[in-house]
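Trainee:
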Amino acid sequence: FGPDLAKGLSGKKEMCVLKVGLDAVGKTTILYKLKLGEIVTTIPTLGFNVETVEYKNISFTVWDMGGQDKIRPLWHHFFQNTQGLIFMVDSKDRERVNEAREELMRMLAEDDLPNAMNAAEITDKLGLHSLCHRNWYTQATCATSGDGLYEGLDWLSNHYK
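So the mapping is simple: the numbering used here equals the position in the sequence shown, first residue as 1, plus 656.
1) Considering only residues of the stretch 724 to 800, which uninterrupted alpha helix (DSSP H) runs meet the minimum length of 4 residues and lie entirely inside it, listed in chain order?
2) For a quick check, are the C-beta atoms of residue 757 and residue 726 less than 8 angstroms apart?
3) Just to confirm my understanding: we take residue 716, look at its own chain, exclude 5 residues before and 5 after, and list those with CB closer than 6 angstroms. What are they?
4) Would you mind reading off the limits of the alpha helix (DSSP H) that contains residue 808?
5) Exposed or buried, which one is residue 762 when buried takes at least 16 other CB atoms within 10 Å?
6) Tell me residue 802's beta-bridge partners as DSSP assigns them.
7) DSSP has residue 711 in a bridge; who is on the other side?
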């Protein structure tokens with residue numbers, strides 16, 4: 657069976673998603689929370705992880721890329737063949753939000769803690785309003801509790817064409 661026939665038989669849509677962000681923002685923790693439903697101990701991702709996450713009627717293939725500065729130039733190569741992007745930002749890391757914005761713009765061109773930024777402030781600081789020719793959405797999440805994870809997937813699945 658080819659993938660098109662298998663998709664037709666199962667009734668599931670398939671979507672390839674790239675998940676990136678600076679190092680130590682919880683990308684891999686969230687991937688495995690979505691995949692396994694629990695928090696697992698992770699180590700820094702030196703390359704990438706690929707997992708399939710089933711949600712509603714969509715089978716998401718999630719490419720979880722390492723966030724170290726040496727790996728970031730590779731992100732855009734993976735982005736070219738995806739239907740969605742999850743760009744993660746640590747809301748309590750005010751010192752690196754500009755670095756996160758620069759990395760997001762570079763890639764696209766080629767609240768529960770004290771002092772944490774909310775989703776609107778992150779949206780503003782990343783300059784997302786300037787991306788008027790792209791669909792985007794900011795969802796506050798918590799890797800450890802899972803709060804907000806499925807709302808983000810809801811938006812992504814509803815906007816997948």
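Each residue gets a CB set at the ideal place from its N, CA and C atoms; glycine is no exception. Since the structure is predicted, the reported quantities are computational estimates derived from the model, not experimental observations.
Mentor: Taking the coordinates as given:
1) Qualifying alpha helix (DSSP H) stretches, in chain order: 731 to 735, 753 to 765, 775 to 782.
2) Contact: no.
3) Around residue 716: 671, 673, 709.
4) Taken as a continuous stretch (DSSP letters only), the alpha helix (DSSP H) holding residue 808 covers 805 to 814.
5) Per the 10 Å Cβ criterion, exposed.
6) According to DSSP, which records beta bridges pairwise, residue 802 is partnered with nothing at all.
7) Beta-bridge partners assigned by DSSP to residue 711: 714.
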